[in-house]
Amino acid sequence: STPLSPTPTAQSEALFARARAVTPGGVNSPVRAFRSVGGTPRFIREAHGAYLTDADGARYLDYIGSWGPMILGHDHPAVREAVAGALQGGTSFGAPSWREVELAELVTRLTGADKVRFTSSGTEATMSALRLARGFTSQHGTGRKFIVKFRGNYHGHADGLLVEAGSGLMTNAAGHLGTSAPSSAGVPEEYAALTLVCEYNDPAALDTLMELRGHEIAAVIFEPVVGNAGVLIPTPDFLAALHRVKEAGALLIADEVMTGFRLSLSGASGLLGIRPDLSCWGKIIGGGLPVGAYGGRADVMEFVSPQGPVYQAGTLSGNPLAMAAGLATLRALEADPDIYPRLESYTSRLAQGLKDAARDAGIPISVNQIGSMLTAFHQDAPHGSVGNYTQAARSDTAAFAAWFQAMLGQGIYWAPSQFESIFVSGAHTVSELDATLEAARHAYRSVSEG
Ligand code: PMP
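Take a look at the structure:
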């Protein structure tokens, strides 16, 4: 049987101490700090395929995939060669270059967007898409200032989007949530007041809001499958209500930063039949290098500077290394027609195995899974029934933390928060899934034994 002995952490601890002296919390993005699960965050030395190796030389089977980008696994040969090739030609030009054209052609062809603009992060993509929506709708009306988002959805850290937001905000600052207040200090109430919040999967609430305030609303932004409150899957009724917001003159913005090229080559929108006016991408389109993008209807995108009056720019936007990594990743996905069905079947095998293992140990969990995204909420609810932030927040985070540590001790690196998705990649194999499920059995048993 698999030992539950803790892995060595001396080197990670030493690095973490140095990091805390020079960086807030010792990390450059909050969820990396293990705040909600405890213990020492592992400082990663290198990553290949489905595995991470940390500073102490311990090897972990990785279910984070850099929070989504590494759908092909780490250090994929095609991506490595493409980046190495681009590197020969210099790393940034501040002038247009051919790879940006090729990636834009590929993204528009796969997603159905007419035009696309590249940024350097998902945050910039959503922030820019909302500015564009306000600029565009105001030309056709009386100055629509408001946007609508959903409780527990995360769209990056632009001021107006840090309102009842998910991801690290849900694990680190849960006390701030449940009101319409900003979920971060430093966001003026005046900004937050321009963001209206609805519960996810509540079509009646959205319809009512649009009836009352529709004429003031520039855009409704949503995660077409939520990853940032844990995985939440939209109901057909909710998707129908989202499409109705267009009738009020608001733009529908699908934030596919996590789901784009993850759930299908045409994202969650292609999979679920969503027809947004604009979409945002990130993560996979950069193949593990810093990229974001937004795009959609030509008449809307033509409002973007220098063609139109809505300003948006970036020193490193369209960076040749990032474009090369994105191109190699999307081409590899397109060249493997089996990859999405395989990811789906592997992840549903994982889902079934977790359900069985938890049940046998007497640990209540409720699993949401779609394609290669999965969250096992530690709560006693039917599988697939957790549909919004309020339900997700009922999870037993202490039980999750204990289970997470038991997995980590067996070399399985799960997402270090109850309110995140895990990601299966093309580098995971059946034998790794089975080893994961074996470890999960031990972990659930150790949780039930306290
Ligand atoms: N939108 C969604 C749906 C995301 O999951 C994220 C990041 N996890 C973002 C936006 C922000 O992207 P970035 O971290 O690249 O700024």
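All the letters of the sequence shown, read from the start, carry residue numbers 3 to 452 under UniProt numbering.
Glycine included, every Cβ here is placed at the ideal spot set by N, Cα and C.
For residue 378, no alpha helix (DSSP H) segment is defined; the enclosing uninterrupted segment is the beta strand (DSSP E) at 375-379. Listed in chain order, the alpha helix (DSSP H) runs fully inside the segment 125-176 are 170-174, counting runs of at least 4 residues. In the three-state reduction of the DSSP assignment, residue 430 falls in the coil class, being assigned neither a helical nor a strand state.
Residue pairing from DSSP places residue 63 in a beta bridge opposite 53 and 414. In terms of side-chain proximity, the C-beta atom of residue 33 is found no nearer than 6 angstroms to any non-hydrogen atom of the ligand PMP. Fully enclosed alpha helix (DSSP H) runs of no fewer than 4 residues are not present anywhere in the segment 206-232. If you check the C-beta of residue 303 against the ligand PMP, you find no heavy atom less than 6 angstroms away. Put simply, the segment 306-323 does not touch the segment 349-361. Fewer than three CB pairs are less than 8 angstroms apart.
About 6 angstroms separates the Cβ atoms of residue 296 and residue 119, confirming a contact at the 8 angstroms cut-off. For residue 295, the enclosing beta strand (DSSP E) has its first and last residue at 294-298. Going by DSSP, residue 398 is part of no alpha helix (DSSP H) at all; its letter is neither H nor E. Residue pairing by DSSP places residue 184 opposite 165 in a beta bridge. Residue 214 counts as exposed, since fewer than 16 other C-beta atoms from the protein chains shown sit within 10 angstroms of its C-beta. Counting the other CB atoms within 10 Å of its CB gives residue 425 a total of 16 or more, which places it among the buried residues. In the three-state reduction of the DSSP assignment, residue 304 falls in the coil class, being assigned neither a helical nor a strand state. Within the segment 229-253, the complete alpha helix (DSSP H) runs of at least 4 residues fall at 238-246. With the rule of 3 Cβ pairs closer than 8 angstroms, the segment 195-204 does not count as touching the segment 334-352. Within the same chain, and ignoring the five residues on either side of residue 427 in sequence, the residues whose Cβ sits closer than 7 angstroms to its Cβ are 52, 67, 72, 73, 74 and 75. At least one heavy atom of the ligand PMP lies less than 6 angstroms from the C-beta of residue 259. Relative to the ligand PMP, the beta carbon of residue 434 is positioned no closer than 6 angstroms to any heavy atom. Per DSSP, reduced to three states, the secondary structure at residue 70 is coil, with no helix or strand assignment.
Collapsing the DSSP output to three states places residue 287 in a helix.
In terms of side-chain proximity, the C-beta atom of residue 157 is found nearer than 6 angstroms to a non-hydrogen atom of the ligand PMP. Of all C-beta pairs linking the segment 440-448 to the segment 78-96, fewer than three are shorter than 8 angstroms, placing the two stretches out of contact. When DSSP reads this structure, residue 93 sits in no beta bridge, so it has no partner.
Between residue 34 and residue 43, the C-beta gap is smaller than 7 angstroms, which places the two residues in contact. Distances between the C-beta of residue 124 and the heavy atoms of the ligand PMP include at least one below 6 angstroms.
Taking C-beta atoms under 8 angstroms as the contact rule, residue 284 and residue 370 fail to qualify, at a distance of about 22 angstroms. Contact between residue 278 and residue 254 holds, with the beta-carbon distance rounding to 5 angstroms and staying under 8 angstroms.
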